[in-house]
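For reference, the structure is listed below as structure tokens.
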Amino acid sequence: MLGDVLTVWLQRCDAVVFDLDKLNVFVGLALVGAAIMLCVSHARRGGAVFIRAVPGLQAVDDALGRAAELGRPVVFTTGLYGVDDVATLAGLNILGHLASRSAHYDSDLMVPCANPVVMTVAQELVKERLTQAGYPERYRADNIYFITDEQFAYASAVCGLMQRERPAAAFYLGSFAAESLLLAEAGAGAGAIQVAGTADVSQIPFFIVACDYTLIGEELFAASAYLSRDALLLGSVKGQDMAKVLIMAALAAGVLLLCVDQLFGCHWGTWFASLFTVTEAL
Amino acid sequence: MMPESFMDLAGVWIAALLSLCVFSFLFKDNILFKITEAIFVGVSVGYGIVLSWNAGLHPKVVVPFMEFIRNYHDKSRADFFWAAYMVVSLGIGVLYLSRFSPRQAWLSRFPMAYLMGIGIGIGMPLTIQSFIFEQMRATLIPIVVKTNGALDWAASLGNIALLAGVFSVLYYFFFSVKKSDPVSQTVSRVGIAYLMLGFGASFALTVMARISLLSARVQFLKDEWVEGTLRYFNLL
Amino acid sequence: MMTLVLRWFDCNYRRVIYVLVVLCVLVPAFLTVRLRIKPAGATQGLYDAVEGIPAARRAAIAKLEAELTQSTNNHDKLTAHLQRLRMHTNGVLLISLDFDPSSAPELTPQAEIILRHAFMRGIPVVAVVVSTPVGAQLAQSIVDRAARETQGRYDIKLAGRDYVYLGYRPGYFNLILQMGEDISRAYATDYAGTPLHDLPMMQGIKNLNDIDLVAVVTGFVGVPETWIQVVKTKYNRPLGMGMTAVSVADYTPYLHSKQLVGLLPGMRGAAEYEMALDAPGAGTRGMLAQLASHVLIIVLIALGNALFFVQRRNRS
Amino acid sequence: MLCIGCGIIMLLQFFVPLEFVQRDMLQWVNDSAIVVATFGLAIGLASLVHVHSTRIRRRARGWALSVVTLACATVVAVIGLLKSDWGPVVARSQRYDVLPNGVTAGVIEVTHTLFGYQTATVFTNTVTAAGVVPLQHRSVPMFDWFYNYIMYPLMSTVFALLAFYMMTAAYRAMRAKSWEAGLLLAAALIVLLGQVPVDQFVRLPAIDGVSLFEWLKLKILDYPNTAAKRSIIIGVALGGLATSIKILTGIEKPYLGGRG
Numbered sequence: 021m022l023g024d025v026l027t028v029w030l031q032r033c034d035a036v037v038f039d040l041d042k043l044n045v046f047v048g049l050a051l052v053g054a055a056i057m058l059c060v061s062h063a064r065r066g067g068a069v070f071i072r073a074v075p076g077l078q079a080v081d082d083a084l085g086r087a088a089e090l091g092r093p094v095v096f097t098t099g100l101y102g103v104d105d106v107a108t109l110a111g112l113n114i115l116g117h118l119a120s121r122s123a124h125y126d127s128d129l130m131v132p133c134a135n136p137v138v139m140t141v142a143q144e145l146v147k148e149r150l151t152q153a154g155y156p157e158r159y160r161a162d163n164i165y166f167i168t169d170e171q172f173a174y175a176s177a178v179c180g181l182m183q184r185e186r187p188a189a190a191f192y193l194g195s196f197a198a199e200s201l202l203l204a205e206a207g208a209g210a211g212a213i214q215v216a217g218t219a220d221v222s223q224i225p226f227f228i229v230a231c232d233y234t235l236i237g238e239e240l241f242a243a244s245a246y247l248s249r250d251a252l253l254l255g256s257v258k259g260q261d262m263a264k265v266l267i268m269a270a271l272a273a274g275v276l277l278l279c280v281d282q283l284f285g286c287h288w289g290t291w292f293a294s295l296f297t298v299t300e301a302l
Numbered sequence: 233m234m235p236e237s238f239m240d241l242a243g244v245w246i247a248a249l250l251s252l253c254v255f256s257f258l259f260k261d262n263i264l265f266k267i268t269e270a271i272f273v274g275v276s277v278g279y280g281i282v283l284s285w286n287a288g289l290h291p292k293v294v295v296p297f298m299e300f301i302r303n304y305h306d307k308s309r310a311d312f313f314w315a316a317y318m319v320v321s322l323g324i325g326v327l328y329l330s331r332f333s334p335r336q337a338w339l340s341r342f343p344m345a346y347l348m349g350i351g352i353g354i355g356m357p358l359t360i361q362s363f364i365f366e367q368m369r370a371t372l373i374p375i376v377v378k379t380n381g382a383l384d385w386a387a388s389l390g391n392i393a394l395l396a397g398v399f400s401v402l403y404y405f406f407f408s409v410k411k412s413d414p415v416s417q418t419v420s421r422v423g424i425a426y427l428m429l430g431f432g433a434s435f436a437l438t439v440m441a442r443i444s445l446l447s448a449r450v451q452f453l454k455d456e457w458v459e460g461t462l463r464y465f466n467l468l
Numbered sequence: 058m059m060t061l062v063l064r065w066f067d068c069n070y071r072r073v074i075y076v077l078v079v080l081c082v083l084v085p086a087f088l089t090v091r092l093r094i095k096p097a098g099a100t101q102g103l104y105d106a107v108e109g110i111p112a113a114r115r116a117a118i119a120k121l122e123a124e125l126t127q128s129t130n131n132h133d134k135l136t137a138h139l140q141r142l143r144m145h146t147n148g149v150l151l152i153s154l155d156f157d158p159s160s161a162p163e164l165t166p167q168a169e170i171i172l173r174h175a176f177m178r179g180i181p182v183v184a185v186v187v188s189t190p191v192g193a194q195l196a197q198s199i200v201d202r203a204a205r206e207t208q209g210r211y212d213i214k215l216a217g218r219d220y221v222y223l224g225y226r227p228g229y230f231n232l233i234l235q236m237g238e239d240i241s242r243a244y245a246t247d248y249a250g251t252p253l254h255d256l257p258m259m260q261g262i263k264n265l266n267d268i269d270l271v272a273v274v275t276g277f278v279g280v281p282e283t284w285i286q287v288v289k290t291k292y293n294r295p296l297g298m299g300m301t302a303v304s305v306a307d308y309t310p311y312l313h314s315k316q317l318v319g320l321l322p323g324m325r326g327a328a329e330y331e332m333a334l335d336a337p338g339a340g341t342r343g344m345l346a347q348l349a350s351h352v353l354i355i356v357l358i359a360l361g362n363a364l365f366f367v368q369r370r371n372r373s
Numbered sequence: 016m017l018c019i020g021c022g023i024i025m026l027l028q029f030f031v032p033l034e035f036v037q038r039d040m041l042q043w044v045n046d047s048a049i050v051v052a053t054f055g056l057a058i059g060l061a062s063l064v065h066v067h068s069t070r071i072r073r074r075a076r077g078w079a080l081s082v083v084t085l086a087c088a089t090v091v092a093v094i095g096l097l098k099s100d101w102g103p104v105v106a107r108s109q110r111y112d113v114l115p116n117g118v119t120a121g122v123i124e125v126t127h128t129l130f131g132y133q134t135a136t137v138f139t140n141t142v143t144a145a146g147v148v149p150l151q152h153r154s155v156p157m158f159d160w161f162y163n164y165i166m167y168p169l170m171s172t173v174f175a176l177l178a179f180y181m182m183t184a185a186y187r188a189m190r191a192k193s194w195e196a197g198l199l200l201a202a203a204l205i206v207l208l209g210q211v212p213v214d215q216f217v218r219l220p221a222i223d224g225v226s227l228f229e230w231l232k233l234k235i236l237d238y239p240n241t242a243a244k245r246s247i248i249i250g251v252a253l254g255g256l257a258t259s260i261k262i263l264t265g266i267e268k269p270y271l272g273g274r275g
């Protein structure tokens with residue numbers, strides 16, 4: 021009886037407000053969200069979180085210090101994309117921490133931008149951070165500027181900038197496409213210490229080869245937590261790990277079920293795998 | 233290849249000279265490259281303006297909006313909502329201009345937040361769907377494969393190698409675990425090994441594409457510039 | 058002396074390498090060398106499929122004739138189909154040139170040699186672009202050039218009679234799906250704006266069933282899957298592909314599962330195809346540059362490592 | 016607040032199956048984003064003009080280049096935004112298309128107009144004994160000419176610089192300094208050897224019908240490369256989700272200058 025009502029109700033829901041075909045995505049999102057929020061609230065209540073060293077980030081202070089010593093600027097870019105790209109946002113978060121730290125050194129922090137909205141966010145961010153650090157007079161709006169949104173025009177302008185300004189350190193943190201190696205080689209030619217990080221799988225190899233330190237994929241997103249040592253951010257990194265445990269457990273279970281399928285000829289594994297299918301709207 | 237008209241001939245010459253100026257940067261940063269770079273940036277900004285008007289704002293918003301105003305009496309409710317929404321968006325966009333006044337600059341945070349919110353909201357379910365779920369489904373493979381009732385060794389070993397890679401790399405990325413015991417260190421190392429092999433392979437794989445790009449440029453200089461010019465003046 | 062040279066090289070290695078790269082690419086541009094490349098199975102597969110189009114058409118006609126004499130239902134439909142098939146006794150090739158300028162250097166030679174092959178054998182060609190408006194003009198120039206420069210069964214290849222270029226229409230999934238039903242629903246006119254029913258060649262081509270091979274040359278991810286889904290899974294027509302060297306690895310499984318008759322890997326695929334056809338061209342020239350550059354990069358890596366180990370031994 | 020609101024609404028819309036929500040609303044939000052981002056572009060342009068005009072006013076090093084940049088941008092923008100029939104014709108030319116056998120196939124007429132956005136080609140087909148002969152009128156705006164002869168060549172040339180940079184990067188950095196670097200190097204070498212037809216010059220054993228290096232290349236691409244890519248993609252997706260959640264819940268607010 022109750023089951024019938026529920027089915028009818030669910031069917032009606034299906035037609036109006038909730039797409040049952042996408043229930044699995046909703047559950048996945050809820051699980052990941054719950055894992056992260058749980059760890060964040062744990063951290064908020066004062067739970068200590070350990071976080072492993074990320075090689076590229078330990079070099080940040082050295083790089084900034086070196087720039088100040090040599091009296092040369094630091095170049096930072098988040099790549100071509102806009103604020104609707106999460107990796108770019110992660111890059112901007114790191115820019116904030118970098119601005120706080122570079123405030124003590126008084127070296128020029130140059131941010132050439134390929135996206136005007138990213139430029140405005142970066143300006144706001146750096147200004148705020150320098151003010152918080154007590155050096156509002158060190159903010160120079162002209163150092164964070166828009167070049168052009170065309171990929172290779174932007175790349176050539178940044179290459180030129182590297183040759184002329186000879187930065188002591190260069191940071192490429194965000195979303196990059198084919199221009200990654202252009203930037204990194206130009207920077208290497210100018211003798212800069214380079215730290216790169218991107219979520220774009222196909223560009224990581226180029227950064228690894230041409231840069232001194234590279235944040236691989238996910239490390240980019242954990243970087244702001246590592247740099248700030250902020251309890252809530254550390255909590256979210258912990259949450260990320262928890263979600264990873266969930267995924268690994270699901271994978272292990274699925275693989276085992278598939279083996280059972282192979283050995284005994286049943287269809288549990290295929291059923292399990294079908295849980296992860298999403299019907300595409302054509 | 234022969235240039236069709238005098239304008240094309242002139243264009244090919246400009247293109248060829250600009251290309252050579254870009255290549256001169258490899259030797260040394262010089263005034264020719266600087267001029268080329270200035271031209272490139274300038275032209276691309278102009279191009280961006282024209283494109284965002286002619287391929288974005290004009291056909292997608294301005295034309296429909298004008299059409300809406302002209303025939304507003306026989307429009308459906310949805311169209312009214314659309315128009316109202318566009319006006320609101322215009323309002324949000326105008327807040328951007330507050331950046332020009334130092335005191336009201338904080339207002340420009342609204343459009344930034346608005347764009348970020350939209351991007352994140354649309355992106356989150358799609359991330360789960362097309363990255364996590366898709367990749368997980370592709371990784372769900374049995375470690376024992378039977379073909380026609382017999383154990384398929386090659387396929388089984390391949391699947392085991394793949395799964396070992398996925399798990400060890402995922403483990404390598406754990407941030408909040410102290411990896412001090414030998415077991416976890418080994419697993420991490422296996423993860424790094426997989427990563428490095430993968431990266432080396434992708435680097436090498438792209439060499440061919442990049443060389444083709446250079447070949448195409450050389451081909452352009454040879455065929456269209458040198459030979460094309462000669463053909464244009466009937467010298468070849 | 059040796060140390061002096063090494064120190065000089067350490068300062069100027071960039072320029073030395075740049076000059077070597079230029080040589081590697083420039084010299085082959087002026088050479089037409091016949092590389093002794095043996096076509097790989099994947100390339101040979103596509104070559105054989107194009108070569109076999111006339112035979113496939115004859116077989117299809119014979120099969121349909123036999124079917125007509127045996128069964129009576131669907132008589133009208135089958136006769137119409139047979140009539141269409143008989144209009145092009147050499148068969149028909151549908152080629153899709155889905156690439157934009159960034160991957161064009163690698164893919165143009167592939168498209169060119171497939172087109173030339175078809176033209177040489179007198180096979181009518183329908184060319185389309187489904188996934189990028191930018192590529193439409195580029196594709197037209199490739200098709201026109203191949204038609205102009207190939208001497209085949211007819212001396213001159215004419216648009217509308219020997220080949221049709223349809224251009225680009227947005228929404229590739231629906232477009233490909235519609236082509237399966239009726240090409241004129243997907244493309245009302247060709248690229249020049251002539252309605253399809255006014256083109257002599259299109260009288261004999263209604264949908265994918267009247268096409269003996271679909272060749273897709275593409276630099277995009279996702280587009281090949283759609284072609285496979287529609288052409289292979291839904292209509293079960295032979296399908297071959299050409300791709301950039303980077304994306305080939307992702308699609309070899311389709312080759313193993315026999316969903317593709319062949320797969321050309323980047324510039325190398327074009328060169329192998331040219332060798333199979335015995336008509337060296339852009340692909341072979343390009344491959345020579347590739348070969349030289351690959352050798353150069355291997356030598357450079359080896360040299361870098363040698364110097365590194367020598368320096369380390371000297372220090373310790 | 017606005018950010019959170021928009022984020023949650025857009026997040027939920029994904030699950031609502033109504034055609035209106037799935038198609039029209041996404042379209043609307045897209046339109047709206049275009050409107051807002053246009054103002055962003057205006058701000059970007061203002062920044063560009065400001066930087067360059069300051070340089071010109073102060074006669075800073077390379078100020079003449081700033082003049083070039085601004086001039087180019089203005090010229091291209093004006094030319095592209097104005098309508099093609101507003102301006103004069105820059106050049107006009109005619110060409111007879113001659114086929115290899117000497118027959119004149121048709122006349123192609125090209126006009127270059129100063130203003131306008133897209134090339135327009137008009138074909139008039141005339142049927143003769145030889146078949147369909149096209150007579151073509153092509154009107155090319157200067158905007159298109161700029162794209163074909165300045166933008167496109169520059170884009171592809173800068174892209175082609177990568178061929179050089181790959182070589183120097185490989186020489187400089189692909190050294191077996193540690194076991195990780197050694198593995199990277201080994202994989203790269205194997206794939207490089209697998210890419211070109213080495214077996215034409217050296218006799219190599221063949222496995223599964225392909226030469227040794229090609230076989231090794233395929234194995235490396237199939238296993239380590241796929242495994243690494245997959246885990247990175249899963250990790251990146253999780254990291255992205257975590258960052259999204261942090262921003263939606265206000266733990267991190269880049270648009271407000273970080274936390275707080």
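Protein chains in written order, with my numbering: chain A, 21 to 302; chain B, 233 to 468; chain C, 58 to 373; chain D, 16 to 275. Think of the CB as a built atom: it goes at the ideal place given N, C-alpha and C, for glycine as much as any other residue. All values derive from a computational prediction rather than experimental measurement.
If you draw a 10 Å sphere on the C-beta of C68(C), you find fewer than 16 other C-beta atoms in it, and that means exposed.
Under DSSP, P156(D) shares a beta bridge with T128(D). Among the residues of chain D, those whose CB is under 7 Å from the CB of T371(B) are R245, following chain order. Within the model, the alpha-carbon separation for Y308(C) versus D105(C) is close to 20 Å. Under the 8 Å Cβ criterion, the stretch 264-275 of chain C counts as touching the stretch 223-238 of chain C, having at least three qualifying pairs.
The beta-carbon of I199(C) is placed no less than 8 Å from the nearest beta-carbon of chain D. Residue-level contact check: V439(B) touches chain C, since one or more beta carbons of chain C fall below 8 Å from its beta carbon. One thing to note: A219(A) has its Cβ within 8 Å of the Cβ of S195(A).
Collapsing the DSSP output to three states places L296(C) in a strand. In the structure shown, P190(C) falls within a coil segment according to DSSP collapsed to helix, strand and coil. A direct Cα-Cα distance of roughly 15 Å separates V91(D) from W101(D). Per the Cβ contact rule, the stretch 248-260 of chain A is in contact with the stretch 50-67 of chain A (3 or more Cβ pairs under 8 Å). If you look at M356(B), you'll find it isn't in any beta strand (DSSP E); it sits in the alpha helix (DSSP H) that goes R341 to T359. Cβ-Cβ separation between S276(B) and A206(A): approximately 18 Å, too far for a contact (criterion under 8 Å).
Residues of chain B with a Cβ closer than 7 Å to the Cβ of L96(D) are, in chain order, V282 and W285. Between the stretch 149-156 of chain A and the stretch 64-75 of chain D there are fewer than three inter-stretch CB-CB distances shorter than 8 Å, so the stretches are not counted as touching. Apart from sequence neighbours up to five positions away, the residues of its chain that approach I110(C) with a beta-carbon distance below 8 Å are N147, G148, V149, L150, A175, R178, I180, D269 and L270, ordered along the chain. For a Cβ distance threshold of 7 Å, residue set P374, I375 and V376 of chain B lies close to C279(A), ordered along the chain. Taking a 10 Å sphere around the C-beta of H254(C), we find fewer than 16 other C-beta atoms and assign the residue as exposed.
The Cβ-Cβ distance between A302(C) and E163(C) falls below 8 Å. Separation of Y186(D) and I358(C) (C-alpha to C-alpha, rounded to the nearest whole angstrom) is 5 Å. CA-to-CA, the gap between M318(B) and L445(B) works out to about 43 Å.
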